[in-house]
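S.K.: Mind having a look at this structure? Questions to follow.
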Amino acid sequence: MDVTTLTQLDPPAKINAASTHHIHALPVELLDSIFLFLYRDQSIPRTTDDLRNTHKLAFIMLVCKDWKNAVECSPALWTDIWLDRGPKHVDAKDGWVGSLETLFKRSRTMPLDLTILVSLIDLEYASPILLQHLPRCETLVIQLQQPKGQIDCMTPRRLKACAVHRILSCPFPILQNMAIGGYSPLYEWDQQGPLLLDAPNLRSLSSSTYRIIPFVKSHGSPPAHDSLECFSINGGWQNVMEKLPLATISLPKLKSLSLEDTDDLWDILQKLDTPNLESLIVGCGPADWSEEVDSPTSVLRNLHELTWYTDWDTTNETPNLRHLLQHCPNIEYFKYNCYTGSAPDQEEYLLPEEADNLVLALSESLDETYNSSPRFCPRLRHLHLACASFEQVRDLVLMRPALEYVGLQCRKPGQVVIRSKTVWREKVDLVRWIRSKVEFEFETDGVAVGLDLQGEEGVFWNPGEVF
434 MDVTTLTQLD PPAKINAAST HHIHALPVEL LDSIFLFLYR DQSIPRTTDD
484 LRNTHKLAFI MLVCKDWKNA VECSPALWTD IWLDRGPKHV DAKDGWVGSL
534 ETLFKRSRTM PLDLTILVSL IDLEYASPIL LQHLPRCETL VIQLQQPKGQ
584 IDCMTPRRLK ACAVHRILSC PFPILQNMAI GGYSPLYEWD QQGPLLLDAP
634 NLRSLSSSTY RIIPFVKSHG SPPAHDSLEC FSINGGWQNV MEKLPLATIS
684 LPKLKSLSLE DTDDLWDILQ KLDTPNLESL IVGCGPADWS EEVDSPTSVL
734 RNLHELTWYT DWDTTNETPN LRHLLQHCPN IEYFKYNCYT GSAPDQEEYL
784 LPEEADNLVL ALSESLDETY NSSPRFCPRL RHLHLACASF EQVRDLVLMR
834 PALEYVGLQC RKPGQVVIRS KTVWREKVDL VRWIRSKVEF EFETDGVAVG
884 LDLQGEEGVF WNPGEVF
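Residue numbering for the sequence shown follows this note's numbering, beginning at 434 and increasing consecutively.
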């Protein structure tokens, strides 16, 4: 546009044309750099509730034809692929397969981050193309959950585990991260053997659904996988051992292990040789624990963090916790909490016998001494308990000089709102003493709020009740 033409335009049009002129004058390389910066910007997420917006830079491609071409011709801008929408009609399947091929071809040979919403696409039609490009994946996410309100008429009524097993049977030479999540009512369980991933460079593997329990294929003799650092599975109270390899496998680089909803905790720990494990999360709730544990457990000398999620009505955890703690001499962080959904909404409604059960599950082990020193976890610095009294916290602080932090999910009944002013002053002074020694926190969201309540240090007194 020349100067004469520009001067004949209205003022708003002049500004628009001038701005557009300078933008179109930008070199293609500079545009690529700008678009790549936006593409990688975590503050610009893909719109998860809009299945049509399958590319983060969809708004860029709507600006003009040149920008659309710039995005489409840059392979680096097509390495994060979401497969979340299948064809609407049978006659559209061929066109959908063609668009899928185009989508992958735009990334050329670059490594991929691929997310597959299994409930919304037909894996039978997608498999031939997926099998060609899955070996390029660095990150792979399999999502079983069907988004709320989204029903695709071309999605099979029942999805079988074998369909997922089939696409995951190919080699993944550069795969580093894999996650399987969600639960779909359309998903049909069919009996499958262990899902062994041929991914020698895999670093993180997690499955939050019991429908699919993946594992890594071992290499060498003795069997080992030399890259896996994080491993998380949900057993769903099924027989997890049927889904794991028969032989013990060495995971020398494994740092974090999470096991949920399984009675097979001890069997799994025996099958995994994890000499460098640093963090263990046990989320088994009301597991069918045996009262006496006789399963040998490998010494976890490098374990520094133990998180154990329990349930308010769980029983027989004391011997299991003690059995685990005696093999973990270097624990510094210990969290023993109830599942959030199972905790009482208000602390004052917690029954005394429930609080005693939760305290007793730990007190016998944490209070046990040897030569006047803690027998278990002598290096414990950070402790978070489901429930305890202020007096029990005081005793722990006195016995464990290395302790730096104590947190409570709930307080014992009778220590939320104190009825006696004298007792209230004693509790306040006790909390202050504890906080002079360690960082001490407890949840107060469940405390009843009233105009007459007086509180200090998170401890309340009701002057309206005289005793």
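Each residue gets a CB set at the ideal place from its N, CA and C atoms; glycine is no exception.
1) HIS815 and GLU876 look like a contact to me (Cβ under 8 angstroms); what is the Cβ gap, rounded to whole Å?
2) If you follow the beta strand (DSSP E) that LEU545 is part of, which residue opens it and which one closes it?
3) If you run the structure through DSSP and keep just helix, strand and coil, what is SER640?
4) Based on the DSSP output, what are the partners of ARG844 in its beta bridges?
5) Here's a check: name, in chain order, each residue in its chain whose Cβ is nearer than 6 angstroms to the Cβ of TRP857, leaving out the five neighbours to either side.
6) Have a look at ALA558 and VAL530 and give me their C-alpha separation to the nearest angstrom.
7) What does DSSP give as the partner residues of THR743 in its beta bridges?
8) Using DSSP bridges, identify the partner residues of SER806.
9) When burial is assigned at 16 or more other CB atoms within 10 Å of the CB, is GLY668 buried or exposed?
10) Helix, strand or coil: which one does DSSP assign to GLU693?
11) Since LYS845 and CYS820 are thought to touch, with beta carbons under 8 angstroms apart, how far apart are those beta carbons, to the nearest angstrom?
12) Across the stretch 696–716 and the stretch 732–748, are there enough close Cβ pairs to call them in contact, namely three or more that are closer than 8 angstroms?
13) Following the continuous alpha helix (DSSP H) through GLU505, name the residue where it begins and the one where it ends.
14) Determine the direct distance from the alpha carbon of HIS652 to that of LEU577, and round the result to whole angstroms.
15) What is the residue span of the alpha helix (DSSP H) that MET494 lies within?
16) Does the distance from the CB of LEU510 to the CB of LEU533 come in under 9 angstroms?
17) For LEU705, which residues in the same chain have their Cβ closer than 7 angstroms to its Cβ, ignoring the five residues on either side in sequence?
18) Skipping 5 residues on each side, what residues in its chain have a beta carbon closer than 7 angstroms to that of ILE477?
19) ALA503: buried (16+ other C-beta within 10 angstroms of its C-beta) or exposed?
20) Work out the CA separation of GLU874 and LEU886 for me, nearest whole Å.
21) Closest to TYR643 by C-alpha separation, out of LEU601, LEU692, LYS688 and PRO655, would be which residue?
22) Which same chain residues, not among the five before or five after GLY615, have their C-beta less than 7 angstroms away from its C-beta?
23) For LEU564 and THR548, what's the separation of their Cα atoms in angstroms?
24) Might you give, ordered along the chain, the residues of its own chain that have their beta carbon closer than 7 angstroms to the beta carbon of ASP744, omitting 5 neighbours on each side?
25) Below 8 angstroms on the Cβ atoms is my guess for PRO647 versus LEU630; work out the distance and round it to an integer in Å.
26) Quick check: the Cα distance between HIS817 and ALA680, rounded to an integer number of angstroms?
27) Can you name the residues that DSSP bridges to PRO647?
28) Between GLY614 and the ligand GDP, is there a pair consisting of the residue's CB and a ligand heavy atom that are separated by less than 8 angstroms?
29) Helix, strand or coil: which one does DSSP assign to ILE467?
30) Please state the DSSP three-state secondary structure of VAL871.
31) Run the CB neighbour count on TRP866, radius 10 Å, all protein chains shown included, and call it buried at 16 or more, exposed below.
32) Along the chain, where does the beta strand (DSSP E) containing ILE613 start, and where does it finish?
33) To the nearest angstrom, report how far apart ILE562 and CYS603 are at their CA atoms.
34) Starting from LEU758 and walking both ways along the beta strand (DSSP E), at which residues does that stretch end?
M.R.: Taking the structure as given:
1) Here the question's residue 815 lines up with position 382 in the sequence shown. Here the question's residue 876 lines up with position 443 in the sequence shown. No, HIS815 and GLU876 are not in contact; Cβ-Cβ is about 17 angstroms, not under 8 angstroms.
2) Position 112 of the sequence shown, counting from 1, holds the residue named residue 545. 545–550 is the span of the beta strand (DSSP E), which, as asked, contains LEU545.
3) The residue given as residue 640 occupies position 207 in the sequence shown. The answer is strand: DSSP assigns SER640 an E or B state.
4) Looking up residue 844 in the sequence shown gives position 411. For ARG844, which the question treats as bridged, DSSP gives the partners ALA821.
5) Residue mapping note: residue 857 aligns to position 424 of the sequence shown, counting from 1. Closer than 6 angstroms at the Cβ level, and outside the excluded window around TRP857, lie ILE851 and TRP894.
6) Against the sequence shown, residue 558 aligns to sequence position 125. Against the sequence shown, residue 530 aligns to sequence position 97. Checking the displayed sequence, the identity of residue 558 turns out to be Tyr instead of Ala. For TYR558 and VAL530, the distance between alpha carbons rounds to 7 angstroms.
7) Here residue 743 refers to the residue found at position 310 when the sequence shown is read from its first residue. DSSP lists CYS771 as partners of THR743.
8) On the sequence shown, position 373 is the one that residue 806 refers to. Its beta-bridge partners are TYR803.
9) Indexing the sequence shown from 1 puts residue 668 at position 235. Buried, because 16 or more other Cβ atoms sit within 10 Å of the Cβ of GLY668.
10) Here residue 693 refers to the residue found at position 260 of the sequence shown. Strand, per DSSP.
11) The residue given as residue 845 occupies position 412 in the sequence shown. The residue given as residue 820 occupies position 387 in the sequence shown. Sure, about 6 angstroms apart at Cβ, within 8 angstroms.
12) yes
13) Here residue 505 is taken as the residue at index 72 of the sequence shown, counted from 1. Unbroken alpha helix (DSSP H) run through GLU505: 498–505.
14) Walking along the sequence shown from the start, residue 577 turns up at place 144. Walking along the sequence shown from the start, residue 652 turns up at place 219. Cα to Cα, LEU577 sits roughly 29 angstroms from HIS652.
15) One-based indexing of the sequence shown puts residue 494 at position 61. Note, MET494: alpha helix (DSSP H), 491–494.
16) Position 77 of the sequence shown, counted from the start, is the residue given in the question as residue 510. Position 100 of the sequence shown, counted from the start, is the residue given in the question as residue 533. Against a cut-off of 9 angstroms, the Cβ pair of LEU533 and LEU510 comes out as no contact.
17) In the sequence shown, counting from the first residue as 1, residue 705 sits at position 272. So the qualifying residues of the chain are ILE682 and LEU684.
18) Residue mapping note: residue 477 aligns to position 44 of the sequence shown, counting from 1. Once the five neighbours on either side are set aside, the close Cβ partners of ILE477 are LEU471 and LYS489.
19) As a working note, residue 503 is residue 70 in the sequence shown. By the neighbour-count rule (16 or more Cβ atoms within 10 Å), ALA503 is buried.
20) Start at 1 with the first residue of the sequence shown, and residue 886 comes out as number 453. Start at 1 with the first residue of the sequence shown, and residue 874 comes out as number 441. Cα to Cα, the separation comes out at about 20 angstroms.
21) If you number the sequence shown from 1, residue 643 lands on position 210. Ranking the options by Cα distance to TYR643, first place goes to LEU692.
22) Here residue 615 is taken as the residue at index 182 of the sequence shown, counted from 1. The answer, listed in chain order, is GLN576, LEU577, GLN578 and THR642.
23) Along the sequence shown, read from residue 1 onward, the residue named residue 564 stands at position 131. Along the sequence shown, read from residue 1 onward, the residue named residue 548 stands at position 115. The alpha-carbon atoms of LEU564 and THR548 are separated by roughly 14 angstroms.
24) Along the sequence shown, one-based indexing puts residue 744 at 311. Answer for ASP744: GLY718, PRO719, CYS771, TYR772 and SER775, listed in chain order.
25) On the sequence shown, position 214 is the one that residue 647 refers to. On the sequence shown, position 197 is the one that residue 630 refers to. Sure, about 6 angstroms apart at Cβ, within 8 angstroms.
26) Taking the first residue of the sequence shown as 1, we reach residue 817 at position 384. Taking the first residue of the sequence shown as 1, we reach residue 680 at position 247. Cα to Cα, HIS817 sits roughly 36 angstroms from ALA680.
27) Position 214 of the sequence shown holds residue 647. LEU628.
28) With respect to the ligand GDP, the structure offers nothing, as it holds no ligand at all.
29) The residue given as residue 467 occupies position 34 in the sequence shown. Of the three classes helix, strand and coil, the one that applies to ILE467 here is helix, per DSSP.
30) One-based indexing of the sequence shown puts residue 871 at position 438. Reduced to three states, the DSSP call for VAL871 is coil.
31) Along the sequence shown, one-based indexing puts residue 866 at 433. Exposed: under 16 other Cβ atoms inside 10 Å.
32) Reading the sequence shown from its first residue, position 180 is the one you call residue 613. Where ILE613 is concerned, the enclosing beta strand (DSSP E) stretches over 610–614.
33) In the sequence shown, counting from the first residue as 1, residue 562 sits at position 129. In the sequence shown, counting from the first residue as 1, residue 603 sits at position 170. Taking the straight line joining both Cα atoms gives about 12 angstroms.
34) The residue you call residue 758 lines up with position 325 of the sequence shown. Taken as a continuous stretch (DSSP letters only), LEU758 belongs to no beta strand (DSSP E), being part of the alpha helix (DSSP H) at 750–758.
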